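Enquirer: According to UniProt numbering, the sequence shown is numbered sequentially starting from 1.
Backbone N, C-alpha and C define an ideal beta-carbon position, used for all residues, glycine too.
Source: prediction; values computed, not measured.
Structure in structure tokens, see below.
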Amino acid sequence: QQGTVVSNGNSRLDVTRFDNQGGRLVAQQSLTLSSTDIINDASGLIQSGASLNLRADTLSNRNSGDRGGVISQGPMTLNAGTLDSTAGVLLSGDALSLTAGVVNNT
Numbered sequence: 001q002q003g004t005v006v007s008n009g010n011s012r013l014d015v016t017r018f019d020n021q022g023g024r025l026v027a028q029q030s031l032t033l034s035s036t037d038i039i040n041d042a043s044g045l046i047q048s049g050a051s052l053n054l055r056a057d058t059l060s061n062r063n064s065g066d067r068g069g070v071i072s073q074g075p076m077t078l079n080a081g082t083l084d085s086t087a088g089v090l091l092s093g094d095a096l097s098l099t100a101g102v103v104n105n106t
């Protein structure tokens, strides 16, 4: 939570649980994140300068505010069993592909 991870190149993370509440995960090039649970709430930022690929059983992107969200300068691919983006931001500078069982985008 509230930490910062920045890469000047391509990044790939494979973790069981990724808690990025109020934190920043930024890759200047492509970013791939695979996790059972991704929590990107409370102005958390996941950002890619090129393509962005997220895969999770549960992706929570609530309350992005004006500095957070899931943002890709290039194409974005999201695969999630459940996506909760209540008051959240999902922004792609190119094509957006979303596959999910349940989506809450209120």
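Tell me whether N8 sits in a helix, a strand or coil according to DSSP, three-state version.
Expert: When secondary structure is reduced to three states using DSSP, N8 falls in the coil class, being assigned neither helix nor strand.
Enquirer: Would you list the one or two residues that DSSP bridges to N53?
Expert: T32 and T77
Enquirer: Specify the secondary structure class of S43 as computed by DSSP and reduced to three states.
Expert: coil
Enquirer: To the nearest angstrom, report how far apart R62 and R55 are at their CA atoms.
Expert: Cα-Cα distance, rounded: 17 angstroms.
Enquirer: Within this structure, are the beta carbons of F18 and S30 separated by less than 8 angstroms?
Expert: no
Enquirer: Could you spell out where the beta strand (DSSP E) holding A27 opens and where it closes?
Expert: Boundaries of the beta strand (DSSP E) around A27: R24 to A27.
Enquirer: Would you report the Cα separation of N8 and S64, rounded to the nearest angstrom?
Expert: 24 angstroms
Enquirer: For V70, count neighbouring Cβ atoms within 10 angstroms of its own Cβ and tell me buried if that reaches 16, exposed if not.
Expert: buried
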